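Protein chains in written order, with this note's numbering: chain A, 1 to 135; chain B, 136 to 270; chain C, 271 to 405; chain D, 406 to 540.
Okay, structure first, notes after.
Number of protein chains: 4
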Amino acid sequence: MEPKPVVETTFRVRYAETDASGIVYHANYLVWFEVARGEFFWQQGRDYHRDVELRGFYWPVTEASVRYLVSARYGELVTVRAWVEEVQSRSLKIAYEVVNAESRQTLCSGWTKHLNVDQQGRVRTIPAEIRAFLV
Amino acid sequence: MEPKPVVETTFRVRYAETDASGIVYHANYLVWFEVARGEFFWQQGRDYHRDVELRGFYWPVTEASVRYLVSARYGELVTVRAWVEEVQSRSLKIAYEVVNAESRQTLCSGWTKHLNVDQQGRVRTIPAEIRAFLV
Amino acid sequence: MEPKPVVETTFRVRYAETDASGIVYHANYLVWFEVARGEFFWQQGRDYHRDVELRGFYWPVTEASVRYLVSARYGELVTVRAWVEEVQSRSLKIAYEVVNAESRQTLCSGWTKHLNVDQQGRVRTIPAEIRAFLV
Amino acid sequence: MEPKPVVETTFRVRYAETDASGIVYHANYLVWFEVARGEFFWQQGRDYHRDVELRGFYWPVTEASVRYLVSARYGELVTVRAWVEEVQSRSLKIAYEVVNAESRQTLCSGWTKHLNVDQQGRVRTIPAEIRAFLV
Numbered sequence: 001m002e003p004k005p006v007v008e009t010t011f012r013v014r015y016a017e018t019d020a021s022g023i024v025y026h027a028n029y030l031v032w033f034e035v036a037r038g039e040f041f042w043q044q045g046r047d048y049h050r051d052v053e054l055r056g057f058y059w060p061v062t063e064a065s066v067r068y069l070v071s072a073r074y075g076e077l078v079t080v081r082a083w084v085e086e087v088q089s090r091s092l093k094i095a096y097e098v099v100n101a102e103s104r105q106t107l108c109s110g111w112t113k114h115l116n117v118d119q120q121g122r123v124r125t126i127p128a129e130i131r132a133f134l135v
Numbered sequence: 136m137e138p139k140p141v142v143e144t145t146f147r148v149r150y151a152e153t154d155a156s157g158i159v160y161h162a163n164y165l166v167w168f169e170v171a172r173g174e175f176f177w178q179q180g181r182d183y184h185r186d187v188e189l190r191g192f193y194w195p196v197t198e199a200s201v202r203y204l205v206s207a208r209y210g211e212l213v214t215v216r217a218w219v220e221e222v223q224s225r226s227l228k229i230a231y232e233v234v235n236a237e238s239r240q241t242l243c244s245g246w247t248k249h250l251n252v253d254q255q256g257r258v259r260t261i262p263a264e265i266r267a268f269l270v
Numbered sequence: 271m272e273p274k275p276v277v278e279t280t281f282r283v284r285y286a287e288t289d290a291s292g293i294v295y296h297a298n299y300l301v302w303f304e305v306a307r308g309e310f311f312w313q314q315g316r317d318y319h320r321d322v323e324l325r326g327f328y329w330p331v332t333e334a335s336v337r338y339l340v341s342a343r344y345g346e347l348v349t350v351r352a353w354v355e356e357v358q359s360r361s362l363k364i365a366y367e368v369v370n371a372e373s374r375q376t377l378c379s380g381w382t383k384h385l386n387v388d389q390q391g392r393v394r395t396i397p398a399e400i401r402a403f404l405v
Numbered sequence: 406m407e408p409k410p411v412v413e414t415t416f417r418v419r420y421a422e423t424d425a426s427g428i429v430y431h432a433n434y435l436v437w438f439e440v441a442r443g444e445f446f447w448q449q450g451r452d453y454h455r456d457v458e459l460r461g462f463y464w465p466v467t468e469a470s471v472r473y474l475v476s477a478r479y480g481e482l483v484t485v486r487a488w489v490e491e492v493q494s495r496s497l498k499i500a501y502e503v504v505n506a507e508s509r510q511t512l513c514s515g516w517t518k519h520l521n522v523d524q525q526g527r528v529r530t531i532p533a534e535i536r537a538f539l540v
């Protein structure tokens with residue numbers, strides 16, 4: 001089986017993302033993870049809202065883990081890398097790495113687990129047509 | 136006509152709300168305005184979601200104005216004061232003042248204008264039963 | 271050894287904290303954890319900024335873990351419970367639980383690990399006077 | 406006098422930026438304005454932090470005005486346009502327009518006023534070398 005594709009997205013740290021200690025506020029890395037998760041769709045010509053939500057599903061985060069290694073600062077160009085780590089019948093796990101876009105130094109790593117639920121919040125099997133663009 | 140009631144809500148500045156210059160990031164005052172707008176409902180035993188949205192209406196912000204006088208800092212107790220400034224048939228204007236909860240020094244003032252729209256985004260007359268708790 | 275005190279703080283979910291799926295955006299639970307971490311100080315008459323930062327230390331988050339059980343929604347009264355789980359010479363771990371303030375149903379749990387660093391980012395031993403209000 | 410250059414920056418709406426009404430939360434437009442303000446520096450090979458803050462100055466927002474015309478949604482490509490509207494000896498005003506990147510439909514417009522203050526918060530004349538890249 002071939003290695004899973006890694007999606008990358010690069011942007012500058014916003015002033016709004018920093019805090020009074022002068023570095024990026026830690027919760028914002030989860031936001032960046034989500035930006036990269038979205039990119040996983042866009043870079044395949046897909047759209048999480050259109051291809052998952054409008055088919056009647058949501059992927060709420062059920063668990064998240066983040067390791068902070070080096071602080072990011074205002075204006076820094078960061079690259080967030082994301083890849084599908086595991087797909088089960090009704091859930092998936094996506095892994096992330098945030099690196100400085102120039103030095104490629106790792107700033108942060110982590111993962112999120114998601115359940116596939118319907119609009120009533122019931123856990124459902126991921127339909128084959130959605131599964132097809134995950135693995 | 137009697138003066139309009141002013142609703143007050145008091146909370147501490149969160150670390151997440153500060154930025155690298157050491158003070159509260161300016162966009163967060165709009166969030167605080169919205170907290171006070173919500174309080175206008177809660178303190179009357181009402182709920183914006185139940186009493187406006189579930190009746191089929193939304194009040195998107197159509198215009199906002201903010202004047203920043205004194206910076207707020209982490210941990211500071213701030214009081215946000217809100218009052219209905221103007222109600223028209225299909226729109227309303229709410230005014231706000233943020234003060235230091237102890238000294239009562241004014242930190243920020245502003246207002247937001249809202250349109251009453253239905254779920255299709257069409258501008259609609261504010262129903263009498265909603266209007267009743269605004270004026 | 272007596273059980274560690276649990277600090278509680280209660281507030282309403284802000285509209286700003288929700289997302290397009292209608293529930294609280296997952297990264298905001300880390301913000302709530304930090305609000306509770308701050309309360310740990312306030313409720314002892316202390317202040318993280320004054321008692322840690324102004325003594326020359328910062329407690330950056332080095333690791334975070336969150337388990338999401340039940341979604342919170344706009345206007346819901348939530349209580350965040352926090353307690354010191356572990357204090358080592360140069361680091362600490364704080365645990366959290368978010369519950370619905372009325373039903374006490376658990377919505378989310380998690381923990382954060384922090385290093386004690388100085389203004390140059392070097393890892394340092396937690397001074398005895400700071401340690402004293404942690405354990 | 407030639408027209409002032411307009412800086413443009415384009416990005417996708419993040420899920421984190423939406424709220425329970427399904428559209429972008431209104432305070433986030435101020436964040437986007439700031440992203441465009443930063444771009445004004447980056448696109449000239451400058452850096453607000455290095456070229457303003459490290460010279461001892463801050464540009465706190467003293468007033469902001471926003472007009473919301475059309476709601477932005479998750480995943481939408483938006484372009485934020487920014488230009489210096491006015492520079493006085495100790496203050497400046499920057500104007501913004503948010504448009505859909507494809508249709509160029511205007512979604513939002515606004516402006517922010519800033520004072521040039523030193524690290525003690527005193528209002529100071531904008532130094533000639535900083536003024537030089539504003540006008």
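Note that the Cβ used here is the ideal one computed from N, Cα and C, for glycine as well.
Computed from a predicted structure; not experimentally measured.
Length of the line joining the Cα atoms of residue i and residue j
i	j	result
Y540/D	A432/D	Going by the sequence as given, residue 540/D is Val instead of Tyr. Taking the straight line joining both Cα atoms gives about 28 Å.
Q255/B	K498/D	36 Å
E490/D	V252/B	33 Å
E17/A	G515/D	21 Å
Y285/C	R486/D	27 Å
I126/A	E97/A	25 Å
S206/B	F168/B	16 Å
S373/C	V294/C	18 Å
M271/C	I400/C	Model confidence at M271/C stands at a pLDDT of 48, short of 50, so the residue's coordinates are unreliable and nothing is read from them.
E211/B	V87/A	45 Å
G56/A	R46/A	16 Å
V99/A	L107/A	5 Å
K248/B	Q44/A	40 Å
V277/C	W353/C	6 Å
A469/D	H184/B	28 Å
R202/B	S496/D	15 Å
F281/C	Y209/B	17 Å
Residue-level contact to chain A via CB, residue i, 8 Å cutoff
i	result
D154/B	yes
L497/D	no
F538/D	no
R394/C	no
F445/D	no
Cβ-based burial, residue i [other Cβ within 10 Å; buried from 16]
i	result
V258/B	exposed
K426/D	Rather than Lys, the amino acid found at residue 426/D in this sequence is Ser. S426/D comes out buried.
A267/B	exposed
L435/D	buried
R37/A	buried
T414/D	buried
A263/B	exposed
L54/A	exposed
Residue i - DSSP class collapsed to helix/strand/coil
i	result
N235/B	strand
D388/C	strand
I265/B	helix
V440/D	helix
V528/D	strand
Y203/B	strand
W381/C	strand
E63/A	strand
E356/C	strand
Y48/A	helix
Y463/D	strand
Proximity test, Cβ basis, 8 Å: residue i and chain D
i	result
Y15/A	yes
A171/B	no
R190/B	no
Y344/C	yes
D51/A	no
D47/A	yes
C-beta neighbour in chain B for residue i, strict 8 Å
i	result
G22/A	yes
Opposing strand residues paired with residue i [DSSP bridges]
i	result
R216/B	E143/B and E232/B
L92/A	V87/A and H114/A
V429/D	T423/D
Cutoff 8 Å: residue i Cβ touching any chain C Cβ
i	result
F146/B	yes
A500/D	no
Neighbouring residues, chain F, relative to residue i (Cβ below 9 Å)
i	result
A199/B	Here chain F cannot be found, since the structure's protein chains are A, B, C and D.
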